[in-house]
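Asker:
Residue numbers (this note's numbering): 1061 to 1532.
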């Protein structure tokens, strides 16, 4: 009864696999693993399309998604979340492909206007529009079908419909900045809204007949079924807003990275501390990237299309966060996995932030800030008698490679350090030493992803099996 309000698509697929496999739960789990593989492949394809010249973003985001411990656990579970993720990424892939066609069309028109006189004099025909643009209605219809399938899979995918409509209207209006562009955006939106509604309509009619005319999602009935589950208002009334907020942030953060079972199997607190420090470094990297993005060329190496995609991704992260906050205004559900339907933009920003601190200047400043923080914590901890050695050590381990990495760039693309003696620069620029430096740069960049792989390998032995042994 608790999950009976869920849309049916995943459960129809799962029922088929369950029947074919003679009632094997493992078969249904393998279905989810296969869907998870589809998530990784489609995520890689999408980012390769958007950032073809930036492998650190493409590979980094794919690796983060593949080795995020909680995401690995969800992928191996029987849940409709993975199918919903796959459909959301497919929707974004289609939307971004449409955006690329629109931007290509705008560039084509500007080039055609600039060269029209030369073409008329030569008698040559105007260049044909790229086939990608001529397929725009078909792309929008495909997007509408994918949105409709999302409506039949998970309730949070409903947010993708207004997000895609807003993106389409904004892109078309920005191309012309006239009312005509706004009208064209509204008419283009019909291509996605109508198929989505037609696919979702039978399920809504079923739900209104079953739950009542104003409860086409079944949410009111769901709230009655889960009566007794802690509500946010009750928690705040009992414990206060500040303790509630601390618990909300702490448990959300921890369960995003990995809290297993029914929020009952935690990792070592030191691991969460290291992940929190790493998240802070990534946040600084995103700030550096934002500064360069605002400054424009030549400070940023992102083109117009890539910047537009990042705006869409930022908007989607905001929508995912808002939906999480909205759901927690009613029930206490501090589960970080609820962010996973935004895994494509989240993983992209993770890879983008880490890529940014791999730059010499940004990495050095970030390392200096981390060193200052470590020294401050060491001093206050020593004075107060509560020295947190693990936190200080972890910050230092992040700061050290960031401070040293400018040395690894000497001789690469003409990079030099003015304060370093000439003899030392020549030594570091020699071919054998430069090859070692190149390997070390790659190792530093790979380090967090490899540590996630190691963490995944250790989790069953260190946390899951001991928990199971206690319940025998």
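Glycine included, C-beta positions come from ideal geometry on N, C-alpha and C.
#1: Do you know whose CA, among 1356, 1346, 1333 and 1395, lies nearest residue 1374's CA?
#2: Identify which residue in 1493, 1269 and 1151 has its Cα closest to the Cα of residue 1222.
#3: By Cβ distance, which residues of its chain are closer than 6 angstroms to residue 1192, with the 5 residues on each side in sequence left out?
#4: Quick one: what does DSSP say residue 1111 is sitting in, helix, strand or coil?
#5: Quick check: what's the CA-CA separation for residue 1274 versus residue 1391?
#6: How many whole angstroms separate the CB atoms of residue 1218 and residue 1211, which I take to be in contact at a CB cut-off of 8 angstroms?
#7: Is the separation between the beta-carbon of residue 1068 and that of residue 1263 shorter than 8 angstroms?
#8: Are three or more beta carbon pairs between the region 1354-1373 and the region 1423-1436 nearer than 8 angstroms?
#9: Residues bridged to residue 1319 by DSSP?
#10: Among the candidates 1109, 1407, 1108 and 1319, whose CA atom is the shortest distance from the CA of residue 1339?
#11: Does DSSP put residue 1499 in a helix, in a strand, or in coil?
#12: For my contact list, residue 1144 and residue 1213 are in at a C-beta cut-off of 8 angstroms; report their separation, rounded to the angstrom.
#13: Based on the DSSP secondary-structure assignment, which residues constitute the bridge partners of residue 1391?
#14: Report the CB separation of residue 1319 from residue 1524 in whole angstroms; it is logged as a contact under 8 angstroms.
#15: Check each candidate in 1415, 1372, 1206 and 1311 and name the one with the smallest Cα separation from residue 1255.
#16: Once you ignore the five residues that flank residue 1076 on each side, which residues in its own chain have a CB closer than 7 angstroms to its CB?
#17: When you compare only the Cα positions, how much space is there between residue 1272 and residue 1084?
#18: Whole angstroms is fine: what's the gap from residue 1156's alpha carbon to residue 1111's?
#19: Quick one: grab the DSSP three-state call for residue 1484.
#20: For residue 1529, I'd like the list of residues in its chain whose CB is within less than 6 angstroms of its CB, leaving aside the five on either flank, ordered along the chain.
#21: Put residue 1470 into one of helix, strand or coil per three-state DSSP.
#22: So what does DSSP say about residue 1259, is it helix, strand or coil?
#23: What three-state label does DSSP hand residue 1273 in the structure shown?
#24: Tell me the rounded alpha-carbon separation between residue 1519 and residue 1229.
#25: Rounding to the nearest angstrom, what Cα-Cα distance links residue 1394 and residue 1153 in this structure?
#26: Once the 5 residues before and after residue 1517 are set aside, which same chain residues still bring their CB inside 7 angstroms of it?
#27: Going by the CB atoms, is the gap between residue 1397 and residue 1130 shorter than 8 angstroms?
#28: Can you name, in chain order, every residue of its own chain whose Cβ lies under 7 angstroms from the Cβ of residue 1281, other than the five neighbours on each side?
#29: Would you tell me roughly how many angstroms separate the C-alpha atoms of residue 1078 and residue 1099, rounded to the nearest one?
#30: In angstroms, rounded to a whole number, what distance separates the CA positions of residue 1504 and residue 1141?
#31: In this structure, how does DSSP classify residue 1140 when only helix, strand and coil are distinguished?
#32: Would you identify the three-state DSSP class for residue 1189, choosing helix, strand or coil?
#33: Taking the CB atoms as reference points, tell me whether residue 1417 and residue 1457 lie closer together than 8 angstroms.
#34: Whose C-beta lies closer than 8 angstroms to the C-beta of residue 1204 among residues of the same chain, with five residues either side of it excluded?
#35: Residues in the same chain with beta-carbon distance under 6 angstroms from residue 1244, minus the five sequence neighbours each way, listed in chain order, please.
#36: Going by DSSP in three states, residue 1082 sits in which element: helix, strand or coil?
Answerer: Let me spell this out:
#1: 1346
#2: 1151
#3: With a pLDDT of only 48 at residue 1192, under 50, the local geometry of the prediction cannot be trusted, and no value is derived from it.
#4: Residue 1111: coil per DSSP, three-state reduction.
#5: In a straight line, the C-alpha of residue 1274 is about 21 angstroms away from that of residue 1391.
#6: 6 angstroms
#7: yes
#8: no
#9: 1326
#10: 1407
#11: helix
#12: 5 angstroms
#13: 1291
#14: Contact doesn't hold; Cβ gap of about 12 angstroms is too wide.
#15: The candidate whose alpha carbon is nearest that of residue 1255 is 1206.
#16: In the same chain as residue 1076, and ignoring 5 residues on each side of it, no C-beta atom comes closer than 7 angstroms to its own.
#17: 36 angstroms
#18: Near 12 angstroms, if we compare the C-alpha coordinates of residue 1111 and residue 1156.
#19: helix
#20: none
#21: The DSSP-derived three-state label of residue 1470 is coil.
#22: helix
#23: coil
#24: Between the alpha carbons of residue 1519 and residue 1229 lies a distance of about 46 angstroms.
#25: 29 angstroms
#26: none
#27: yes
#28: 1065, 1271 and 1275
#29: Within the model, the alpha-carbon separation for residue 1078 versus residue 1099 is close to 22 angstroms.
#30: When rounded, the distance between both Cα atoms is 33 angstroms.
#31: coil
#32: A caution first: residue 1189 carries a pLDDT of 46, below 50, which makes its placement in the model unreliable, though a value can still be read off. Residue state, collapsed to three classes: coil.
#33: For the pair residue 1417 and residue 1457, the CB atoms are not nearer than the 8 angstroms cut-off.
#34: 1251, 1252, 1253, 1254, 1255 and 1256
#35: Closer than 6 angstroms at the Cβ level, and outside the excluded window around residue 1244, lie 1232.
#36: coil
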